[in-house]
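A.B. asks: The following block contains the structure, expressed as structure tokens.
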């Protein structure tokens, strides 16, 4: 019931986590490195919140999960992710423009996208809270609709973040431990997208 939803969340929550994938030369100026450290020191706790929220939803992907439990978990996760993105936007905003060409524009656009993501997840929390948990079929349909919206969040609106994570700034941020993808503290279920339904497997025929 909730697997497509969990898969969509996994995509939507990686917008900022791509920082750990940036690489490049070691010729960054001290000013750029200082700027990256200022941002990344504030970023890590928020990335951890997103990872933990994602893991919590992954745990509620079983077909036999009760709608009320799924709703509670997902609502809390969306709230945490929304707050994290808002804090990320504040971190980038308070750090000031990165000391590179067009740094001010890049910073403003990134802050705008982070705040928009915060609002989007807050709206999804409201929609999850409004789902009918007494009717499992309707609840499942509602989750599908929310999953579609999650996919939209993950596939649009991250251009400015990618720009922020490119060039000198991206290389400098990738070096900072605070901007590298954290490990979720909550244990994740194994590959929710490919997990078989919870129905008992058919016994193999004897030769």
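Residue numbers (the working numbering): 458 to 664.
Virtual Cβ for every residue (Gly too), placed ideally from N, Cα, C.
(1) In the structure shown, what three-state DSSP assignment does residue 588 receive?
(2) Check each candidate in 558, 577 and 545 and name the one with the smallest Cα separation from residue 532.
(3) Could you check if residue 561 is buried or exposed, using at least 16 other CB atoms within 10 Å of its CB as the buried criterion?
(4) Output the boundary residues of the alpha helix (DSSP H) element that contains residue 500.
(5) Starting from residue 524, trace the alpha helix (DSSP H) both ways and give me its first and last residue.
(6) Output the distance between the C-alpha atoms of residue 554 and residue 502, rounded to the nearest integer angstrom.
(7) Per DSSP, what kind of secondary structure is residue 557 in: helix, strand or coil?
(8) Assuming the contact rule is C-beta atoms closer than 8 Å, residue 626 and residue 549 should be a hit. Round their C-beta distance to whole Å, please.
(9) Quick check: what's the CA-CA separation for residue 482 versus residue 629?
(10) Whose C-alpha, out of 566, 529 and 639, is nearest the C-alpha of residue 678?
(11) Measure the C-alpha to C-alpha separation of residue 505 and residue 568 and round it to an integer number of angstroms.
(12) Determine whether the beta carbon atoms of residue 514 and residue 541 lie at a separation below 9 Å.
(13) Kindly list the residues whose CB is nearer than 8 Å to the CB of residue 595, restricted to its own chain and excluding five residues on each side of it in sequence; keep chain order.
(14) Which term fits residue 635, buried or exposed, when burial requires 16 or more other beta carbons within 10 angstroms of its beta carbon?
(15) Please list, in chain order, all residues of the same chain as residue 552 whose beta carbon is under 7 Å from its beta carbon, the five residues on each side excluded.
(16) Just checking my contact of residue 579 with residue 539 at CB under 8 Å: how many whole Å lie between their CB atoms?
(17) Whose C-alpha, out of 556, 621 and 599, is nearest the C-alpha of residue 570?
C.D. replies: Here's the rundown:
(1) Position 131 of the chain shown, counting from 1, holds the residue named residue 588. Residue 588 sits in coil when the DSSP states are folded into three classes, being neither helix nor strand.
(2) For the purposes of this step, residue 532 is taken as residue 75 along the chain shown, with counting starting at 1. Considering only alpha carbons, the answer is 577.
(3) What you label residue 561 is simply residue 104 of the chain shown in a count that begins at 1. By the neighbour-count definition (other C-beta atoms within 10 Å, threshold 16), residue 561 is an exposed residue.
(4) Indexing the chain shown from 1 puts residue 500 at position 43. Per DSSP, residue 500 belongs to the alpha helix (DSSP H) from 487-516.
(5) Stepping through the chain shown from its first residue, residue 524 is reached at position 67. Here the alpha helix (DSSP H) through residue 524 covers 524-552.
(6) For the purposes of this step, residue 554 is identified with residue 97 of the chain shown, where counting begins at 1. For the purposes of this step, residue 502 is identified with residue 45 of the chain shown, where counting begins at 1. So the two alpha carbons sit approximately 21 Å from each other.
(7) Here residue 557 refers to the residue found at position 100 when the chain shown is read from its first residue. It is coil, neither helix nor strand.
(8) Residue numbering aside, residue 626 sits at position 169 when the chain shown is read from its first letter. Residue numbering aside, residue 549 sits at position 92 when the chain shown is read from its first letter. Taking the Cβ atoms as the reference, residue 626 lies roughly 11 Å from residue 549, outside the contact range of under 8 Å.
(9) Walking along the chain shown from the start, residue 482 turns up at place 25. Walking along the chain shown from the start, residue 629 turns up at place 172. With a pLDDT of only 44 at residue 482, under the threshold of 50, the placement of this residue in the model should not be trusted; the figure read from the coordinates follows. Roughly 9 Å separates the two Cα atoms.
(10) Outside the displayed span of the chain (458 to 664) sits residue 678, for which this structure offers no information.
(11) Locating residue 505 in the chain shown gives position 48, where the first residue counts as 1. Locating residue 568 in the chain shown gives position 111, where the first residue counts as 1. Approximately 19 Å between the Cα atoms of the pair.
(12) As a first step, residue 514 is located in the chain shown; it is residue number 57 there, counting from the start. As a first step, residue 541 is located in the chain shown; it is residue number 84 there, counting from the start. No.
(13) As a first step, residue 595 must be located in the chain shown, where it is residue number 138. Counting only Cβ-Cβ distances below 8 Å, and skipping sequence neighbours, we find 588 and 589.
(14) Residue 635 sits at position 178 when you count from the first residue of the chain shown. Buried, by the Cβ-count rule.
(15) If you number the chain shown from 1, residue 552 lands on position 95. Answer for residue 552: 492, 495 and 496, listed in chain order.
(16) Taking the chain shown and counting its residues from 1, one reaches residue 579 at position 122. Taking the chain shown and counting its residues from 1, one reaches residue 539 at position 82. About 4 Å separates the Cβ atoms of residue 579 and residue 539, confirming a contact at the 8 Å cut-off.
(17) Your numbering for residue 570 matches position 113 in the chain shown. The candidate whose alpha carbon is nearest that of residue 570 is 621.
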